[in-house]
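**Q**
In our numbering, the protein residues as written are 2 to 291.
1) Within the continuous alpha helix (DSSP H) that includes residue 99, where are the two ends?
2) According to DSSP, is residue 178 helix, strand or coil?
3) Can you tell me the Cα-Cα spacing of residue 290 and residue 253, whole angstroms?
4) So which of 141, 61, 34 and 59 has the shortest CA-CA distance to residue 110?
5) Helix or strand or just coil, what does DSSP make of residue 7?
6) Look at the Cβ atom of residue 198, then the Cβ atom of residue 67, and state whether they are nearer than 9 Å.
7) Per the contact definition of three or more C-beta pairs closer than 8 Å, is the region 177-191 in contact with the region 52-65?
8) Thinking just about the alpha-carbon of each residue, which of 169, 258, 217 and 185 is nearest to the one in residue 284?
9) Determine the DSSP secondary structure at residue 60, reduced to helix, strand or coil.
10) Between residue 193 and residue 45, which are expected to be in contact by the criterion C-beta below 8 Å, what is the C-beta distance as a whole number of angstroms?
11) Expressed to the nearest angstrom, what Euclidean distance is found between the alpha-carbon atoms of residue 203 and residue 19?
12) Output yes or no for whether 9 Å exceeds the beta carbon distance between residue 171 and residue 8.
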């Protein structure tokens, strides 16, 4: 049983909870997701089953699209509505100010990761330090905000400014951190009050299923989720691929998914030094496979 589920993750459970439920429903432990969503968040969660778990890195690297809701004037330790309130102030910002600020974040910038995250420092996850009250320098990394725009009307409530925005971002972008940085740029504080992932790579929210609808009939074939060239094995190279031998790049491609009788058997990737196609991810069981 190999393939991918596109799940519309409900609010209030972890991504790991989703994996555990799917594992129980379909009767296999070989299940993994391709990008954590906080319990607060909903939306597209791509879950791999069987040998498709070898593709987690491939699918995690895809761009992601979110719709996030922000409340300005509140600061919490987790950067979202579920955290401990550290500051509560009046914060009124105009639409023009917010639009200008959002536009300023387009492009690459250095983002500090949240202290409540699973990023490891010195072998320990950041949230473990945070829970123990240990201060530690938070890592920074470059992220790419490819698209960002204001959505719907701005709401003013109890001296707070509430708005939503849509964004398309690179792998590793924390929306909670982006919201913190937007608020800082507006000379205030702010938290994430809602988050929905609407797309991950080519996987769209309209193509997702609910967790309650998971069954083997909804499992998407590996060859249908990979956006790379696909080539059916011919008799002259079948044995070479089965044994993981390098191939001359007669196809002129950087990456190829080889298929045997309609079944994905392995991904080959171009080695630029030798100009040979070499095994990258082998996708069938048996002692011939890497």
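Glycine included, every Cβ here is placed at the ideal spot set by N, Cα and C. Because the structure is a prediction, the values reported are computed rather than measured.
**A** Based on what the coordinates show:
1) 96-105
2) helix
3) The pLDDT assigned to residue 290 is 34, lower than 50, so where the model puts this residue is not dependable; a value taken from the coordinates is nonetheless given after this. So the two alpha carbons sit approximately 24 Å from each other.
4) 141
5) strand
6) yes
7) no
8) 258
9) helix
10) Going by Cβ atoms, the distance from residue 193 to residue 45 rounds to 17 Å, so no, they are not a contact pair.
11) 21 Å
12) no
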